[in-house]
Structures are given as C-alpha cells and as structure tokens.
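For my numbering, count along the sequence shown from 1 and bump the result up by 40.
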Amino acid sequence: MKHRLTLGLLGLACLQTVVAAEAPRGKLVPPERGSIPVAFVLSEGAVMIDFAGPWEVFQDTMVPARGSAMADQHVFTTYVVSDTKKPLHTSGGMTVTPDYTFDDAPAPKIVVVPAQQGSSAKMLEWLRKAAGQSDVVMSVCTGAFKLAEAGLLEGKDATTHHGSYVHFQHQFPQVHLVRDRRYVQSDAVLYTAGGLSSGIDLALHIVDGYFGHDVAAMTARQMEYEGRGWSGGGASAVRYSEPVAVTSPADSYHSGTFGNWRGELASPNGALRIRLHLWPAAAGAAATIDSIDDDTYGLHIDTVKIDGANLHFEITGIGGVYEGKIDASRGAIEGTWTQNGKPMALKFKRS
Numbered sequence: 041m042k043h044r045l046t047l048g049l050l051g052l053a054c055l056q057t058v059v060a061a062e063a064p065r066g067k068l069v070p071p072e073r074g075s076i077p078v079a080f081v082l083s084e085g086a087v088m089i090d091f092a093g094p095w096e097v098f099q100d101t102m103v104p105a106r107g108s109a110m111a112d113q114h115v116f117t118t119y120v121v122s123d124t125k126k127p128l129h130t131s132g133g134m135t136v137t138p139d140y141t142f143d144d145a146p147a148p149k150i151v152v153v154p155a156q157q158g159s160s161a162k163m164l165e166w167l168r169k170a171a172g173q174s175d176v177v178m179s180v181c182t183g184a185f186k187l188a189e190a191g192l193l194e195g196k197d198a199t200t201h202h203g204s205y206v207h208f209q210h211q212f213p214q215v216h217l218v219r220d221r222r223y224v225q226s227d228a229v230l231y232t233a234g235g236l237s238s239g240i241d242l243a244l245h246i247v248d249g250y251f252g253h254d255v256a257a258m259t260a261r262q263m264e265y266e267g268r269g270w271s272g273g274g275a276s277a278v279r280y281s282e283p284v285a286v287t288s289p290a291d292s293y294h295s296g297t298f299g300n301w302r303g304e305l306a307s308p309n310g311a312l313r314i315r316l317h318l319w320p321a322a323a324g325a326a327a328t329i330d331s332i333d334d335d336t337y338g339l340h341i342d343t344v345k346i347d348g349a350n351l352h353f354e355i356t357g358i359g360g361v362y363e364g365k366i367d368a369s370r371g372a373i374e375g376t377w378t379q380n381g382k383p384m385a386l387k388f389k390r391s
C-alpha cells in the first residue's frame, strides 16, 4: 500500500479504540473430492502482496492423504476475476490478465479482495452474491473498503490497513472498526485482514479451518513463512495504531520556538494527529512533519520561515501552506493549514 503524503486530508475521522468480539466460527468443510475454487477479485492498482501472498498460500497447500495424484493433493484452485479480461496493472506495474469476468466466473468457495483502485457496480453486486453462496469472503488491507461499499460489513467487526483506520471509520461509521489485529472474523463467511502481509496469516487461518492446524503449519513451512499470526486468533504483536517514535535534530530543544510539537488538525472529518519537528538551520530553520493517522513520518518541509511570532511553512509536493502564531510562553502554536484551497485549523502544543 502506498503512503499518501496528504497529512491525512483525504477525509479521515477521530480515533476510537474498539475491542473485537470473537465471532462464532463455523467449521469449514472441504469437498470429499476435487479442489476448492478461490477467486481473486482484481482491478487496476491491486496491491501485489495483498493477493500474491494468499495466492501463494492456497497454491502451496497440499493434503497427501487425499490421494496419490497431484491433482488430488492440491486442494485449492485459484483464478482471477475482474470487470473485463483485458490486462490490468497491479501496484508496481506488473500486468495481470484476468481469467474470468464477473459475468462468466465459476462460483467460488473462497473470495479474496485485495486493496485496489477499481470499485464497479458489477464488482459490488458480485461480492454481495458471493457472500451468500461462498464459504469465505475475505479482504486484505484496504480491500475492506470494497466489502463495506457492498454493504456486507454493516454492524459487524472489521479491520483494514492501519494507515486507513480513521478514513475507514469516517466513511463507514456503521462498521465496528477493530485496530491492531492481523485479521478479524466478521461473521460465518466474512473476514477482513489488516495490511499487506496480514493476508498471508488470514489465508493460513482459512487453510487451518478446512484441513486443520497441521496442514496449515506444513504450508507455512513449505513457504518458509515464520509469522505466527495465523495461529494466534488474529492477534498482532505490534500496536500499529500507536505513533512511531522518531528522532530528529529538534529533540535537543525544549523551550522557545524550536523543538517537537504535537498537533491536531481540524479536518472536515475529525481531528487528526500531527507532529512538527522544528530546529535551527543555516537558512534560519528546518522542519519535518508526521501525519500519524496517515502513517507518514519525517515528511520534509520545503520552506520554513520564522518572523518574530509568525511561523510559515510549505510542503510543495502536496500543495500545502501553514500560517501560524507562536506563543512560546504558553508552549503553543495556532494557525491555519491550507491545502488545495481548503483552510483548516492546525494547533500545536509543545511535546
């Protein structure tokens, strides 16, 4: 997933920690013979690891006890479904040619929805239909937005990439967002994974559901995948929702204008966490900024000007300008961040 250098100004909301309730898990029952069809729903910009990770899991899963023929032992069949069969470009530029369209795809038992740019009416309708007929419909990363757009997650627990928590919560307030999980089971069919590599854990968890822990463990071993999130009920070893501790030359300053400042941006969709790191330089001052809820840290500020109590800085790459007043005695900076012609209050206090 690419970081959006936007200081979170794409429409994100306030943070609220939600604890996941463990959904009752139904036993996934494999067919006595034949393979389990797995459909990967792709469009332009599909994120590579989001679908390639689970694809590798399903293609590598083997159950030797099911027969001597390789066709019997390979228990999953994978294919790509899209709006058309025209080649599409995934993240990084790789070209993928879909096997089927939403009109002619065979009925899947498992559906995988990675992060991607497309979101057609046909895709959403196909997902709604699949959710009523499949064993598993799973999203990876911001693929959760597609399930939510299809109306499948309303009133249910779900997770997504940590850099999109606030955006997701604002756009889909009726979904119970769960932070800091590798994956979340929403109901008997629906699952959502966190960002990127979390999809591998969820896919292994699904293998476990069909064929048991030993088969999933052997699949992970075959892949030389050492993550254990798949067998831990979705627990994450890292609290991705917490700010990353960063260092900068500003760490040496604890009073006056220079130093570290924690801020709050009053976007139209809620208060967003911002940190400003400001220090003296040959040109007068230098700075970087962190957009915590966008998971962007150390963003270079191109122009910094301090004139008495006036602070001005610009980030040309995102078309943003800040004009503020410094009150060193109160340890506060108050002003306005303007991006693409839209002004928003941005206030800081000394960290």
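Glycine is no exception: its CB is placed at the ideal position from the N, C-alpha and C atoms. Note that the structure is a prediction, hence the values are computed from the model and not measured.
Arg279 - partner residues in DSSP beta bridges: For the purposes of this step, residue 279 is identified with residue 239 of the sequence shown, where counting begins at 1. None, per the DSSP bridge assignment.
Buried or exposed: which applies to Arg73, given that a residue is buried once 16 or more other Cβ atoms fall within 10 Å of its Cβ? As a position in the sequence shown, residue 73 is number 33, starting the count at 1. Exposed: under 16 other Cβ atoms inside 10 Å.
Beta-carbon proximity of Leu217 to Tyr231, cut-off 8 Å: Here residue 217 refers to the residue found at position 177 of the sequence shown. Here residue 231 refers to the residue found at position 191 of the sequence shown. The answer is no: Cβ separation not under 8 Å.
Report back the beta-carbon spacing between Thr200 and Gly252 to the nearest angstrom; my notes put them in contact at under 8 Å. To locate residue 200, count along the sequence shown from 1; it is residue 160. To locate residue 252, count along the sequence shown from 1; it is residue 212. In this structure, Thr200 and Gly252 do not form a Cβ contact; the two beta carbons are roughly 29 Å apart against a cut-off of 8 Å.
From Pro283, Gln99, Pro308, pick the residue whose C-alpha is nearest to that of Met384; which is it? Walking along the sequence shown from the start, residue 384 turns up at place 344. Ranking the options by Cα distance to Met384, first place goes to Pro308.
My understanding is that Ala256 touches Arg222, with C-beta atoms under 8 Å, so please give their C-beta distance in whole angstroms. Counted from its first residue, the sequence shown places residue 256 at position 216. Counted from its first residue, the sequence shown places residue 222 at position 182. 14 Å between Cβ atoms; not a contact.
Exposed or buried, what is Ser108 when buried is set at 16 or more other beta-carbons lying within 10 Å of its beta-carbon? Position 68 of the sequence shown, counting from 1, holds the residue named residue 108. It is exposed - the Cβ of Ser108 has fewer than 16 other Cβ atoms within 10 Å.
Taking Cβ to Cβ, would you say Ala325 is nearer than 8 Å to Val344? Numbered from 1 along the sequence shown, position 285 holds the residue referred to as residue 325. Numbered from 1 along the sequence shown, position 304 holds the residue referred to as residue 344. Yes, Cβ-Cβ distance for Ala325 and Val344 is below 8 Å.
Would you be able to state if there are at least three C-beta pairs under 8 Å between the region 83-97 and the region 176-193? They touch, by the three-pair rule.
Going by other Cβ atoms of all chains shown within 10 Å of its Cβ, with 16 needed for buried, is Asp367 buried or exposed? Numbered from 1 along the sequence shown, position 327 holds the residue referred to as residue 367. Classification of Asp367: exposed, given that the 10 Å Cβ count is below 16.
Throw me the rounded Cβ distance for the Val136 and Ala79 pair, which I believe falls under 8 Å. The residue you call residue 136 lines up with position 96 of the sequence shown. The residue you call residue 79 lines up with position 39 of the sequence shown. Contact doesn't hold; Cβ gap of about 14 Å is too wide.
Give me whichever residues DSSP pairs with Met163 in a beta bridge. By 1-based counting over the sequence shown, the position of residue 163 is 123. Paired residue(s): none; Met163 is not in a bridge.
Among the residues of its own chain, which have a CB less than 7 Å from the CB of Pro320, if the five just before and after it don't count? Here residue 320 refers to the residue found at position 280 of the sequence shown. These residues qualify, in order along the chain: Phe298.
For Ile150 and Ile246, which I take to be in contact (beta-carbon distance under 8 Å), what is that distance rounded to the nearest angstrom? Taking the first residue of the sequence shown as 1, we reach residue 150 at position 110. Taking the first residue of the sequence shown as 1, we reach residue 246 at position 206. The C-beta separation of Ile150 from Ile246 comes to about 7 Å, placing the pair in contact by the 8 Å criterion.
Output yes or no for whether 8 Å exceeds the beta carbon distance between Asn300 and Ala290. Counting from one through the sequence shown, the residue named residue 300 turns up at place 260. Counting from one through the sequence shown, the residue named residue 290 turns up at place 250. It is a contact, given that the beta carbons lie within the stated cut-off.
Are the region 95-103 and the region 260-278 in contact at 8 Å, needing three or more beta carbon pairs? These segments touch.
Let me know if Asp335 comes out buried or exposed under the rule of 16 or more other beta-carbons within 10 Å of its beta-carbon. The residue given as residue 335 occupies position 295 in the sequence shown. Its Cβ being crowded by 16 or more others within 10 Å, Asp335 is buried.
Go through its chain and collect everything with a Cβ distance to Ala306's Cβ below 6 Å, but skip five positions before and after it. In the sequence shown, counting from the first residue as 1, residue 306 sits at position 266. The answer, listed in chain order, is Met384, Ala385.
What does a CB cutoff of less than 6 Å around Thr378 pick up in its chain, not counting 5 residues either side in sequence? For this step, residue 378 is matched to residue 338 along the sequence shown. Cβ neighbours of Thr378 within its own chain (closer than 6 Å, five residues either side excluded): Val361.
Just the Cα atoms here: how many angstroms apart are Asp227 and Ala190? Working through the sequence shown from its first residue, we reach residue 227 at position 187. Working through the sequence shown from its first residue, we reach residue 190 at position 150. Straight-line spacing of the CA atoms in Asp227 and Ala190 works out to 15 Å.
Classify Thr101: buried if its beta carbon has 16 or more other beta carbons within 10 angstroms, exposed otherwise. Against the sequence shown, residue 101 aligns to sequence position 61. By the Cβ neighbour-count rule, Thr101 is buried, with 16 or more other Cβ atoms within 10 Å of its own.
Is the beta carbon of Val152 closer than 8 Å to that of Val81? In the sequence shown, the residue the question calls residue 81 occupies position 41. In the sequence shown, the residue the question calls residue 152 occupies position 112. The answer is yes: Cβ separation under 8 Å.
Under 8 Å, do Pro148 and Ser174 count as touching if we go by C-beta distance? One-based indexing of the sequence shown puts residue 148 at position 108. One-based indexing of the sequence shown puts residue 174 at position 134. Cβ distance < 8 Å, so Pro148 and Ser174 count as in contact.
With distances taken Cα to Cα, identify the nearest neighbour of Ser391 among Val286, Ile341, His129, Leu339. For the purposes of this step, residue 391 is taken as residue 351 along the sequence shown, with counting starting at 1. When only C-alpha atoms are compared, the closest one is Val286.
Which residues in the same chain have their Cβ closer than 7 Å to the Cβ of Tyr337, if we skip the five residues on either side of it in sequence? Numbered from 1 along the sequence shown, position 297 holds the residue referred to as residue 337. Excluding residues within five positions, the ones whose Cβ falls inside 7 Å are Val284, Val286, Asp330.
Under DSSP, the alpha helix (DSSP H) around Ala260 begins and ends at which residues? Counted from its first residue, the sequence shown places residue 260 at position 220. Segment 253-263, the alpha helix (DSSP H) holding Ala260.
Nearest-angstrom beta carbon gap, Gly381 and Lys365 [assumed within contact, 8 Å]: Here residue 365 corresponds to residue number 325 of the sequence shown, with the count starting at 1. Here residue 381 corresponds to residue number 341 of the sequence shown, with the count starting at 1. Actually they are not in contact, since the Cβ atoms of Lys365 and Gly381 sit about 22 Å apart, beyond 8 Å.
Expressed to the nearest angstrom, what Euclidean distance is found between the alpha-carbon atoms of Ser237 and Ser75? Within the sequence shown, the letter at position 197 stands for residue 237. Within the sequence shown, the letter at position 35 stands for residue 75. In a straight line, the C-alpha of Ser237 is about 25 Å away from that of Ser75.
Look at the alpha carbon of Leu318 and the alpha carbon of Ala161, and state the distance between them as a whole number of angstroms. The sequence position of residue 318 within the sequence shown is 278, counting from 1. The sequence position of residue 161 within the sequence shown is 121, counting from 1. Their Cα atoms are separated by approximately 47 Å.
Bridge partners for Arg168 per DSSP, in chain order? As a position in the sequence shown, residue 168 is number 128, starting the count at 1. Paired residues: none, contrary to the question.
May I ask which residues mark the beginning and end of the beta strand (DSSP E) holding Met384? Taking the sequence shown and counting its residues from 1, the one referred to as residue 384 is at position 344. 382-390 is the extent of the beta strand (DSSP E) around Met384.
In whole angstroms, give me the CA-to-CA distance for Pro70 and Pro77. As a position in the sequence shown, residue 70 is number 30, starting the count at 1. As a position in the sequence shown, residue 77 is number 37, starting the count at 1. Looking at the two C-alpha atoms, the distance is approximately 11 Å.
Can you grab the Cα-Cα spacing for the pair Leu192 / Arg168, in whole Å? For the purposes of this step, residue 192 is taken as residue 152 along the sequence shown, with counting starting at 1. For the purposes of this step, residue 168 is taken as residue 128 along the sequence shown, with counting starting at 1. Computed Cα separation, rounded: 7 Å.
Over the uninterrupted alpha helix (DSSP H) stretch that includes Lys186, give me the two end residues. Here residue 186 is taken as the residue at index 146 of the sequence shown, counted from 1. 184-189 is the extent of the alpha helix (DSSP H) around Lys186.
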